[in-house]
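Protein chains in written order, with this note's numbering: chain C, 96 to 204; chain D, 600 to 713.
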């Protein structure tokens with residue numbers, strides 16, 4: 096599975112846009128890019144998944160450049176409840192998910 | 600539509616004991632995966648069950664075993680508990696046909712080994 100690198104932590108304020116960039120230089124042709132969100136003492140929650148270009152849903156947007164060696168999760172107008180750990184995963188859906196340490200996003204009032 | 604449920608919520612065991620954790624997948628899902636999450640770390644894959652068989656296994660010793668029942672629910676068994684087994688154990692369900700990385704996680708079982 097391709098290894099991912101993302102910042103350990105990010106701080107933001109309510110109403111701002113938060114962008115988390117994940118590096119995955121060794122991504123394979125069949126790999127998808129998936130982001131999960133996790134609150135303390137809860138299981139991770141699927142946020143968004145993409146293969147190339149841009150994907151948007153009601154929660155976030157995912158930007159993937161043409162070379163697919165990185166991706167950026169964009170959270171628009173964050174609120175205090177968006178404080179969580181965000182994980183970037185890369186894989187072809189072959190059974191297991193490989194989580195790294197994730198990015199701790201702290202939203203302040 | 601019920602999501603993934605796990606039981607018990609919390610559990611305290613003594614070193615050397617055995618424990619069984621239970622998971623019911625999201626309605627319509629046929630695949631169950633188990634993860635261990637130590638404090639401050641990301642979840643680590645233990646194994647996955649599909650059609651009542653272990654389909655893939657992570658880097659965990661044989662003390663960790665599992666089972667999937669015909670109704671797709673699953674159990675995780677850990678024998679000869681060690682202090683290092685203290686963690687949040689997460690169950691995730693998915694639909695094999697999708698072939699993607701979208702799994703639905705339960706709230707987890709917090710296991711404390713003393």
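For glycine and all other residues, C-beta sits at the position ideal for the given N, C-alpha and C.
Under the three-state reduction of DSSP output, residue 176 of chain C falls in the helix class.
DSSP places residue 146 of chain C outside any beta strand (DSSP E), giving it a letter other than H or E. The C-beta of residue 632 of chain D comes closer than 8 Å to at least one C-beta of chain C. Annotated as distal: residue 705 of chain D and residue 618 of chain D, with beta-carbon spacing of 8 Å or more. Judged by DSSP secondary structure, residue 108 of chain C falls within the beta strand (DSSP E) whose first and last residues are 104-108. Closer than 8 Å to the CB of residue 706 of chain D there is at least one CB belonging to chain C. For the options D:672, D:650 and D:613, the alpha carbon positioned closest to that of residue 690 of chain D is the one of D:672.
If you look at residue 621 of chain D, you'll find it in the beta strand (DSSP E) that goes 618-623. At a beta-carbon threshold of 9 Å, none of the residues of chain D lie near residue 179 of chain C; the nearest stands roughly 13 Å away.
Counting only residues of its own chain and dropping the five nearest sequence neighbours on each side, residue 118 of chain C has a CB closer than 6 Å to the CB of 100 and 165. D:654 is the residue among D:614, D:670, D:682 and D:654 whose C-alpha sits nearest the C-alpha of residue 633 of chain D.
Interface flag for residue 667 of chain D against chain C is unset, since no Cβ pair is found closer than 8 Å. Proximity of residue 110 of chain C to chain D, defined by a Cβ-Cβ separation below 8 Å, is not satisfied. With 16 or more other CB atoms across the displayed protein chains lying within 10 angstroms of its CB, residue 628 of chain D is buried. Identification of chain C residues near residue 644 of chain D by a Cβ-Cβ cut-off of 9 Å yields 190, 191, 192, 193 and 194, ordered along the chain. Here the alpha carbon of residue 667 of chain D sits roughly 22 Å from the alpha carbon of residue 684 of chain D. Taking C-alpha positions only, residue 637 of chain D is separated from residue 131 of chain C by approximately 17 Å.
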